[in-house]
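Quick note: the sequence shown uses full-length UniProt numbering, first residue 404, plus one each step. Think of the CB as a built atom: it goes at the ideal place given N, C-alpha and C, for glycine as much as any other residue. Just so you know, these numbers come straight off a predicted model, no measurement behind them.
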Amino acid sequence: SIEEEVDAPEDLKPRAPIVTVMGHVDHGKTSLLDHIREENVIAGESGGITQHIGAYGVTLKDGQKIAFLDTPGHEAFTAMRARGAQVTDIAIIVVAADDDIMPQTKEAISHAQAAGVPIVFAINKIDRPAANPEKIKEGLAAMNLLVEDWGGKIQSHDISAKTGEGVNELLEKVLLEAELLELKANPDRLASGTVVEAYLDKGRGYVSTILVQSGTLQIGDYVLAGTCSGKVKAMQDERGKDIKKAGPATPISILGLDGAPQAGDKFSVLDDEREAKQIATKRSQLQREQSVRTQRH
Ligand code: GDP
């Protein structure tokens, strides 16, 4: 069945934090995500081109892991939340130090607060001559958001997504924040989690990037994801490397679903293939009926 089973406390193991990057347009979200990916994912690979799969995991030098949702902008964050998906533990909010606290910065702050997700501020573009990080912190203080330098509890770090200055320290602060959250999940059960994105690939069929949040996903598992289902034929990590299983807080792309589920759809593994197929079929029937009804009105 797809009912949530409650885990016994002793079955819960520490897991990596799942982080989303938000902020005003042009303040440097994409640059920051690209920098982190290039430093921590592509480095060490023998010339492999890493495709964008909507999420990636990084392992820092000390072995600690962070899972990033690589869907910058809070549209993705709110779209997922609207579908009931809670997939972010910590929000990095990027603010350009040579600009002001802009409308989308404020929106990102309210979205994170509404979701109860702690914020770490990345005061970006400090390599620019016009950068004035203190002005940004002052602006935050005026909004009742006191960062540590200003005697408050909110983490922030001055960075340059362009030169990489301060990015490692920023990630250390993200991990510090994660420690306070005591994030845990049970790896020893059938996997469940959330769909990040999915598309039809000409050669490989439907490719879905999913984030495992509980349990461990394995090749051969029967997956139900929104109105789609199928047996996992292959799994790849952010390096495009084939893997056989994926535990909690691991983003991976999977092959084998019979369609492209929507971002924010929950997925779960069922004991039997027929049940997964039946539920998926029933859901798409319901969806069709609903859309016919809304068209009539
Ligand atoms: P997004 O819209 O928030 O994703 O912003 P982008 O990452 O696309 O960055 C917007 C522009 O600012 C681009 O031209 C970047 O090259 C530039 N940019 C981003 N971060 C920095 C930085 O730390 N320093 C400088 N000088 N430019 C940056």
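The Cβ-Cβ distance between Glu676 and Lys636 does not fall below 8 Å. Within the model, the alpha-carbon separation for Gly667 versus Ser656 is close to 15 Å. Nearest to Leu603 by C-alpha distance, out of Ala649, Leu658 and Met505, is Leu658. If you ignore the 5 residues before and after Ser687, its C-beta comes within less than 8 Å of the C-beta of Thr630, all in its own chain and listed in chain order. Straight through space, the alpha carbons of Lys680 and Glu692 are spaced by roughly 18 Å. At a Cβ-Cβ threshold of 8 Å, Leu549 and Ile562 do not count as neighbours. In the structure shown, the three-state DSSP call for Lys576 is helix.
Glu575 is not a Cβ neighbour of Pro521, given a cutoff of 8 Å. Only residues of its own chain outside the window of five on either side were considered, and among them His438 and Glu442 have a CB closer than 8 Å to the CB of Gly567, listed in chain order.
Of the other Cβ atoms in all chains shown, fewer than 16 fall within 10 Å of the Cβ of Leu584; this residue is therefore exposed. Ranked by Cα distance from Met425, the options Thr619, Asp473 and Gln698 are led by Asp473. With respect to the 8 Å criterion, His560 and Thr508 are not classified as neighbours on the basis of their beta carbons. For Leu614 and Gly519, the gap between their C-alpha atoms comes out near 20 Å.
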